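Working notes, beginning with the structure itself.
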Amino acid sequence: MTPTVLSGTTRAGGLRGMARRNPFSSVAITSFVLGFVAVALWLLPGALSRMESAVPNVVGLLYKDASSRLSAAGFEVRIGESLHHPTAPKNSVLGQTPAPGVKSLKGDEVLLDVSLGARKATVPDVVGLSRSEAVKALQDAGFDVADDALERLNQRPRGEVIATLPRGGITLTIPAEVRLSVSAGPDAVGMPALVGMTMEEALALIGQLGLNAGPVRDDTTGLQPLGHVSAQRPGANAPVAPGSTVTLTVSRATAAAVDTGVP
């Protein structure tokens, strides 16, 4: 038996006939489509809220202002680290993660590092301590200590701290440096001025004071006559203890190289 083949016209007519016979199917399809669109529109704002956006730059702002700006841009905010800073105001933002301008999903978290303000510390009283003890106490308190302590003539034992600058009890913003003044010892003397003396005269005086002469350095500038002292270390008036070493710089220029000012 030969099967019957329906033409396109016949099939279309059949479908229209089915629709006429079952009108509720068209209503159901339409309702489904409208419902799908409604659900999509309801979900769309949530999807849009997760779109990427550049993280605003809030470094330097106070935390409350930075938090408001980030929240308005759609980001969550959390404090990362709280750090002392010598110049940044307290509660200001020192840094942020992600960095400014980085693309991030809205709703993501931004970490803010916040300033605790400048750290302050009180200079401890180290007078009467040895130099090494004073340095340790000052460093433990957060201060830097100048390398070149000032030696002064004093009857206290050699190396004992007799003063600090700034003095103990002063409150400073960290970082800050403290300079020590230490006693040169009860036997110390003031270093005489040796510049302008002949080398022989200077060496003789150094010996008389109980000091030691170090290696002699040469000076070829001609600022002093040949064989005369042009520089010394320690300098004039510096306190020196017996047995200290004195370094001389002596002119090695010829007499003709020295400008006497006489034509």
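Taking the working numbering, the leading residue of the sequence shown gets 943, the next gets one more, and so forth.
Glycine included, each C-beta is placed from N, C-alpha and C at the ideal position.
Only a predicted model underlies this, so the values are computations on that prediction, with no experimental measurement involved.
- Closest in C-alpha terms to alanine 1015, from the list Arg1098, Glu1051, Gln1166 and Ala1146, comes Glu1051.
- Counting the other CB atoms within 10 Å of its CB gives methionine 1133 a total of 16 or more, which places it among the buried residues.
- Taking C-beta separations shorter than 6 Å and ignoring five residues to either side along the sequence, the partners of arginine 1159 in its chain run Thr1191, following chain order.
- Annotated as distal: leucine 1012 and serine 1057, with beta-carbon spacing of 8 Å or more.
- Straight-line spacing of the CA atoms in serine 1074 and aspartate 1007 works out to 48 Å.
- In the three-state reduction of the DSSP assignment, leucine 1168 falls in the coil class.
- Counting only residues of its own chain and dropping the five nearest sequence neighbours on each side, glutamine 1097 has a CB closer than 8 Å to the CB of Ser1125 and Pro1128.
- Ranked by Cα distance from lysine 1045, the options Pro1066, Ser1009, Met993 and Leu1080 are led by Met993.
- Membership of glutamine 1081 in the alpha helix (DSSP H) is indicated by the continuous run 1073-1082.
- Under the DSSP definition of a beta bridge, glutamate 1119 partners with Asp1086.
- As DSSP reads the structure, leucine 1003 sits in no beta bridge.
- A check of alpha carbon separations from leucine 1003 across Glu1102, Ala1060 and Leu1036 identifies Leu1036 as the nearest.
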